[in-house]
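**Student:**
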Amino acid sequence: MAVTIKDVARKANVSISTVSRVINDSKPVSDEIRQRVLKVIEELGYTPNPVARSLVMKKSQLIGVIVPNISNYFIGEMLNGVEEIGKMYNYDILLCNSYGELEQELKYLSLLKSKQVEGIIFMTWNLKKEHKEFLEKIDIPVVMINRNTSDINIPSVCIDHFGAAYEMTNYLINKGHKKIALIRTGIGNDAFGVDQYKGYTKALKEHNIEIDESLIKNGDFKLEKAYDSVVEMIKNNNLPTAIFATSDYMAIGAMNALIDNGFKVPDDVSVVGFNDIKLASMYRPKLTTIKQPIYDIGAVAIRIIIKKIKGEEEDKTLFVLPHELIERDSCRSLV
Numbered sequence: 001m002a003v004t005i006k007d008v009a010r011k012a013n014v015s016i017s018t019v020s021r022v023i024n025d026s027k028p029v030s031d032e033i034r035q036r037v038l039k040v041i042e043e044l045g046y047t048p049n050p051v052a053r054s055l056v057m058k059k060s061q062l063i064g065v066i067v068p069n070i071s072n073y074f075i076g077e078m079l080n081g082v083e084e085i086g087k088m089y090n091y092d093i094l095l096c097n098s099y100g101e102l103e104q105e106l107k108y109l110s111l112l113k114s115k116q117v118e119g120i121i122f123m124t125w126n127l128k129k130e131h132k133e134f135l136e137k138i139d140i141p142v143v144m145i146n147r148n149t150s151d152i153n154i155p156s157v158c159i160d161h162f163g164a165a166y167e168m169t170n171y172l173i174n175k176g177h178k179k180i181a182l183i184r185t186g187i188g189n190d191a192f193g194v195d196q197y198k199g200y201t202k203a204l205k206e207h208n209i210e211i212d213e214s215l216i217k218n219g220d221f222k223l224e225k226a227y228d229s230v231v232e233m234i235k236n237n238n239l240p241t242a243i244f245a246t247s248d249y250m251a252i253g254a255m256n257a258l259i260d261n262g263f264k265v266p267d268d269v270s271v272v273g274f275n276d277i278k279l280a281s282m283y284r285p286k287l288t289t290i291k292q293p294i295y296d297i298g299a300v301a302i303r304i305i306i307k308k309i310k311g312e313e314e315d316k317t318l319f320v321l322p323h324e325l326i327e328r329d330s331c332r333s334l335v
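Residue numbers (full-length UniProt numbering): 1 to 335.
#1: Given a cut-off of 8 Å, decide if residue 175 and residue 331 are closer than it, judged by their beta-carbon atoms.
#2: Taking 8 Å as the limit between beta carbons, can you name the residues of its chain near residue 16, skipping five residues before and five after?
#3: Quick check: the segment 253 to 272 against the segment 85 to 104, are there 3 or more CB pairs under 8 Å?
#4: Can you give the Cα-Cα distance for residue 241 and residue 162, rounded to whole angstroms?
#5: Count the other CB atoms within 10 Å of the CB of residue 236; is the residue buried (16 or more) or exposed (fewer)?
#6: Cα separation between residue 336 and residue 103?
#7: Counting only runs that start and end within the segment 227 to 261, where is the alpha helix (DSSP H) found for 4 or more residues in a row?
#8: Here's a check: name, in chain order, each residue in its chain whose Cβ is nearer than 7 Å to the Cβ of residue 207, leaving out the five neighbours to either side.
#9: Pick helix, strand or coil for residue 325, following the three-state DSSP scheme.
#10: Check the C-beta distance from residue 248 over to residue 215 and give it rounded, since I have them as a contact under 8 Å.
#11: Taking DSSP's pairing of strands, which residues face residue 92 in a bridge?
#12: With a 10 Å radius around its C-beta and 16 neighbouring C-beta atoms as the bar for buried, classify residue 243 as buried or exposed.
#13: Got a sec? Which residues, its chain only, sit under 7 Å from residue 257 by beta carbon, not counting five neighbours each side?
#14: May I have the straight-line CA-CA distance separating residue 327 from residue 45, to the nearest angstrom?
#15: Measure the C-alpha to C-alpha separation of residue 279 and residue 197 and round it to an integer number of angstroms.
#16: Please list the segments of the alpha helix (DSSP H) lying wholly inside the segment 154 to 212, counting only runs of 4 or more residues, in order along the chain.
#17: Below 8 Å, can you find three or more Cβ-Cβ pairs linking the segment 281 to 296 to the segment 122 to 134?
#18: Name the one or two DSSP bridge partners that residue 4 has.
#19: Based on the DSSP secondary-structure assignment, which residues constitute the bridge partners of residue 144?
#20: Rounding to the nearest angstrom, what Cα-Cα distance links residue 177 and residue 263 in this structure?
#21: Apply the 10 Å Cβ neighbour rule to residue 57 and answer buried if 16 or more other Cβ atoms are within range, or exposed otherwise.
#22: Taking Cβ to Cβ, would you say residue 91 is nearer than 8 Å to residue 62?
#23: For residue 155, which residues from the same chain have a beta carbon less than 6 Å from its beta carbon, with the 5 sequence-adjacent residues on both sides left out?
Here it is in structure tokens:
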């Protein structure tokens, strides 16, 4: 039979409220009584009920995290940052995998609130009206990953996606590429994919290169969709000299499609990616890509949450981390 707080109080010859004060360090207790209670707790092997303790302390030491696909490398590395910083501050993580489904995301937001988490890190492929309506009413700190949240005043951690796509497109242009395909990851107004598209088109316009909409595809973060997009270009005899995929998985899908159809990378077509997942440097040819500080994105997100829990308000909502263009073997110069 489990040892209860009543058993501790009885053996230590004190009240239940005194035991609670010792456990939670909520009110002054004499050193003699404190030591007596702690000794009995150790003797009996008593473990405080975390739910009851959180009600007393008004702190659960829990932070909820909702992600759309736990198997995605970006998300896994981001979660490493969240968990390691959480441990440093004695927070446990409640992880929810929504599979990108709106109904599940709304369900998990409600569930985490009912579990009395002290903050929520929320990542979704598509930030919808229903999300915003919930988040505007929630009374606990929320931080989002890679989303435009200016209209709902919620902090978001990201890189400069516009600047990164602009830099990568200029890189390709400077290597002599003029027919450059874009396989993008998002088309919603809140999504970073919009900024990437704008960076890509700005670089083309500045070099007086006509924007060919037939070379702009939505890969939806999926290797298979990128593969199919490139196969379609091949069938339509509309193959570019370079493909810019805004995720490394999609870049690998593009390379697979080219190789399976008898083309060489980068001899026939150059391919570049975005994120710099570990596979980018292991795949052959090694992938030229935009490096996001993925671990740091998670680490910064949870630090913002912890600051808010402590009542330390930030004077901004957008936290932009630095990116880097990593040059490897998948792109060749035409000049």
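Cβ atoms here follow ideal geometry from the backbone N, Cα and C, with glycine treated the same way.
**Tutor:** Reading it off the structure:
#1: yes
#2: 5, 6 and 9
#3: no
#4: 22 Å
#5: exposed
#6: Outside the shown range of the chain, which is 1 to 335, sits residue 336, and nothing can be said about it.
#7: 248 to 260
#8: 173
#9: strand
#10: Contact doesn't hold; Cβ gap of about 20 Å is too wide.
#11: 62
#12: buried
#13: 227, 230 and 231
#14: 58 Å
#15: 24 Å
#16: 161 to 174 and 192 to 206
#17: no
#18: Residue 4 pairs with nothing; no bridge assigned.
#19: 122 and 156
#20: 17 Å
#21: A caution first: residue 57 carries a pLDDT of 47, below 50, which makes its placement in the model too unreliable to give a value.
#22: yes
#23: 143, 304 and 317
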